[in-house]
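Visitor:
In our numbering, the protein residues as written are 34 to 369.
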């Protein structure tokens, strides 16, 4: 191993115990282990020297990293660092299972996220969490998205914090959209909904100012995105309360903001869970309930059709007409 050292590294090594302490401590903190006999042979010192190094390393950890301890494993006959853990194994498992369930990240990104969270778990509990995740990770199939999703989230987070103006093109799911159209706007905030991350952007040039700011799916932006030099302060009346918006958002923040009234025959809590801010205002004799709330029409339609004959739209009339028209077109597809 000494043959691999540079001349400068060899000179540093001549400092003796200071060199050993730094190298052994970094080795332990990186998750590796060491055996006293092997360390004696490697550094060419007696057992007492390594024992003194261990004593000083324990002192350093106790002072600067009290959540970590150097322990001896009698079975393996090695020393390792154990940490108390910032989170419990149950907490780590809960978070990781939830992230896996969203199917949001590519497998490579998911493994990076897993490793980062497991670093917060104590060494003793880490293996049990990995065992409980093994089967799920082995059969993990993400939704089709970009592999650099974490990098994209990081960039948008910085633009939001700095009120930066960006210029971008976007691959919309709408058939009539122009993929070459250039937008200029200021990202406002990020949120997650049903397998995808979205960003609200206040557009500086928008023909429909009532729908501004607009929501874009992060994985559909064309990268790289051009960042403008100057920051931009969004008008106060255009600043969005993310919490209030999420109450009205289901899958898509598209269409008009409508106050709805549904008659619902399925399990009521299903509707209340999927439609934040909704409430039951009446219970009918046939077992159905009347539910009221506020939502964006396009998102409402997606959920309405998923409920089949267990839901009837009562208000507004515009939403009733839209449901009838789309159901009519759906029937025509099967009649032709």
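Cβ coordinates follow ideal geometry from the N, Cα and C atoms, glycine included.
Output needed for residue 301: all residues of its chain with C-beta closer than 8 Å, excluding positions within five of it in sequence on either side, in chain order.
Guide: 313, 322, 324
Visitor: Compute the distance between the beta-carbons of residue 171 and residue 199, then report whether it is under 8 Å.
Guide: Going by beta carbons, residue 171 and residue 199 fall outside the 8 Å limit.
Visitor: Using the C-alpha atoms, what's the distance from residue 208 back to residue 116?
Guide: 54 Å
Visitor: If we ignore side chains and look at the alpha-carbon of each, how far apart do residue 338 and residue 189 end up?
Guide: 33 Å
Visitor: How is residue 368 classed by DSSP in three states: helix, strand or coil?
Guide: helix
Visitor: Determine the direct distance from the alpha carbon of residue 225 to that of residue 361, and round the result to whole angstroms.
Guide: 33 Å
Visitor: Which partner residues of residue 196 appear in the DSSP bridge assignment?
Guide: In DSSP, residue 196 forms no bridge with anything.
Visitor: Could you check if residue 53 is buried or exposed, using at least 16 other CB atoms within 10 Å of its CB as the buried criterion?
Guide: By the neighbour-count rule (16 or more Cβ atoms within 10 Å), residue 53 is buried.
Visitor: Should residue 212 go down as buried or exposed, given a rule of 16 or more other Cβ atoms within 10 Å for buried?
Guide: So residue 212 counts as exposed.
Visitor: Tell me, please, whether the CB atom of residue 222 is closer than 8 Å to any CB atom in chain B?
Guide: Given the protein chain composition of this structure (a single chain), no chain B is represented.
Visitor: Taking 6 Å as the limit between beta carbons, can you name the residues of its chain near residue 185, skipping five residues before and five after?
Guide: Excluding the 5 residues flanking it on each side, residue 185 has same chain C-beta neighbours closer than 6 Å at 251, in chain order.
Visitor: Using the C-alpha atoms, what's the distance from residue 140 back to residue 82?
Guide: Between residue 82 and residue 140, the C-alpha separation is close to 45 Å.
Visitor: Within this structure, are the beta carbons of residue 173 and residue 143 separated by less than 8 Å?
Guide: yes
Visitor: Count the other CB atoms, across all protein chains shown, that sit within 10 Å of the CB of residue 363; report buried if there are 16 or more and exposed otherwise.
Guide: exposed
Visitor: From the DSSP output, read off the bridge partner residues of residue 259.
Guide: 200
Visitor: Here's the rule I'm using: 16 or more other beta-carbon atoms within 10 Å means buried, otherwise exposed. How should residue 90 be labelled?
Guide: buried
Visitor: Check whether the region 111-128 touches the region 161-169, taking contact to mean three or more Cβ pairs, one atom from each stretch, closer than 8 Å.
Guide: Put simply, the region 111-128 touches the region 161-169. At least three CB pairs are less than 8 Å apart.
Visitor: Is the distance from the Cβ of residue 196 to the Cβ of residue 245 below 8 Å?
Guide: no
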